[in-house]
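Enquirer:
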Amino acid sequence: MKKTVLSLTLAASVLALAACGNNSSDEVVAESKAGNITKEQLYQEMKSAAGTQTLQTLVIKSVLEDKYKITDKEVEAEFKKQKEAMGESFEQTLAAQGLTEKDFKEDYVRILLLQEKAMDISEKDIEAYYERMKTEVKASHILVADEETAKEVKSKLDKGEDFAKLAKKYSTDPGSKEAGGELGWFGPDKMVAEFTDASYALKKGEISEPVKSVHGYHIIKLEDKRDVKDLPSLEESKNDIKQKIAATEAAQNKFIETTTKLIKEADVKIKDKDLKDALSQFLDDKSTTEK
């Protein structure tokens with residue numbers, strides 16, 4: 020199930036707003052000489068516009084809150100970090116979304132912290148990422164579409180053929196092909212995870228075995244390594260590192276795995292047939308739809 024993790028937007032929970040209270044569905048929420056708008060009409064319009072995503076967010080927030088406890092102190096601390104990071108655009112962003120600071124804390128910050136809990140991003144993970152940030156690497160690669168071609172190219176390299184010439188002949192990466200595969204200097208957040216892990220594991224001058232990623236098969240040559248100067252402290256970097264780890268495929272897969280387990284354990288039943296697929300991103304069957 021390789022799908023993108025649920026987008027935790029700043030949108031308010033419109034379904035909850037439309038459905039709250041004990042009033043009847045024919046309650047008038049707006050009246051005019053042209054005709055009245057009932058609560059049921061409002062609900063149906065909101066459901067059509069954002070029902071699936073909103074219900075998905077509400078269910079996931081519910082099961083995560085049942086599993087993980089986020090204190091108001093944690094929310095306030097993260098809120099301050101987010102506000103500081105957004106700078107002068109903070110007020111404008113909230114205004115554009117029609118949100119108050121309280122909405123932002125509950126509809127974004129709290130869910131963000133719950134998401135991190137589900138991803139199980141530990142202090143050890145953050146520290147390991149920070150250690151890697153202390154070094155930049157310079158590498159070249161030859162990118163090909165299939166494993167057979169990758170093995171053919173690696174065999175030629177093992178026999179002493181020139182890396183740059185083979186890159187120009189075989190590589191499918193237009194950005195580096197004509198430069199003999201050269202990619203220049205980069206840190207741990209610039210390339211896909213498989214490429215980064217392989218590059219950092221090499222010694223200067225060493226050539227990797229074929230490395231598979233979403234782009235194809237890479238053969239990587241490590242040209243050099245160097246220390247990063249003026250690196251911010253670990254404490255100053257933590258928030259940024261968390262976000263970068265959370266964006267990785269591994270963290271997103273962990274989130275999906277954990278959330279799927281919690282949804283199943285909660286025995287969620289979706290009663291509205293129009294929203295029956297709201298949790299399909301997390302479940303392969305229709306077990307959450309009430310028969």
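Following the working numbering, the residues of the sequence shown are numbered contiguously, the last one being 310. Just so it is clear, CB atoms sit at the ideal spot from N, CA and C, and this is done for glycine as well.
#1: Pick from Phe109, Lys184, Arg245, His237: whose alpha carbon is nearest that of Asp165?
#2: With 16 as the cutoff for other CB atoms within 10 Å, does Arg129 come out buried or exposed?
#3: Can you tell me whether Ile145 is helix, strand or coil according to DSSP?
#4: Sorted by chain position, which residues of the same chain lie with C-beta nearer than 8 Å to Gly199's C-beta, five sequence neighbours on each side aside?
#5: Assuming Lys178 and Glu242 make a contact with CB atoms under 8 Å, what is their CB distance in whole Å?
#6: Which full runs of the alpha helix (DSSP H) of 4+ residues lie inside the stretch 195 to 229, going along the chain?
#7: For a test of the three-state rule: what should DSSP assign to Ala266, helix, strand or coil?
#8: Do the stretch 89 to 100 and the stretch 120 to 137 touch if we need at least three Cβ pairs shorter than 8 Å?
#9: Restricting to Cα atoms, I'd like to know which of Asp45, Ala137, Thr90 is closest to Gln60.
#10: Under the three-state reduction of DSSP, which class applies to Tyr236: helix, strand or coil?
#11: Once the 5 residues before and after Leu294 are set aside, which same chain residues still bring their CB inside 8 Å of it?
#12: What does a CB cutoff of less than 7 Å around Asp139 pick up in its chain, not counting 5 residues either side in sequence?
#13: With a cut-off of 8 Å, do at least 3 Cβ pairs link the stretch 133 to 149 to the stretch 245 to 264?
#14: I'd like the list of long-range same chain contacts for Glu213, defined as Cβ closer than 7 Å, with 5 residues on each side in sequence excluded.
#15: In whole angstroms, what separates the C-alpha of Ser195 from that of Glu228?
#16: May I have the straight-line CA-CA distance separating Ile79 from Val163, to the nearest angstrom?
#17: Quick one, which of Pro193, Leu113, Lys173, Leu133 has its alpha-carbon nearest Leu77's?
#18: Which value, in whole angstroms, describes the spacing of the CA atoms of Thr168 and Gly203?
#19: DSSP three-state label for Val287, please.
#20: Closest by CA to Thr279, which one among Ala53, Asp259, Phe301, Ala297?
#21: DSSP on Asp246, reduced to helix/strand/coil?
Expert: The short version:
#1: His237
#2: buried
#3: helix
#4: Ser159, Phe182, Ala183, Lys184, Ala186, Lys187
#5: No, Lys178 and Glu242 are not in contact; Cβ-Cβ is about 21 Å, not under 8 Å.
#6: 212 to 220
#7: coil
#8: yes
#9: Asp45
#10: strand
#11: Lys66, Gly70, Thr71, Leu74
#12: Lys273
#13: yes
#14: Val230, Lys231, Ser232
#15: 19 Å
#16: 40 Å
#17: Leu133
#18: 24 Å
#19: coil
#20: Phe301
#21: strand
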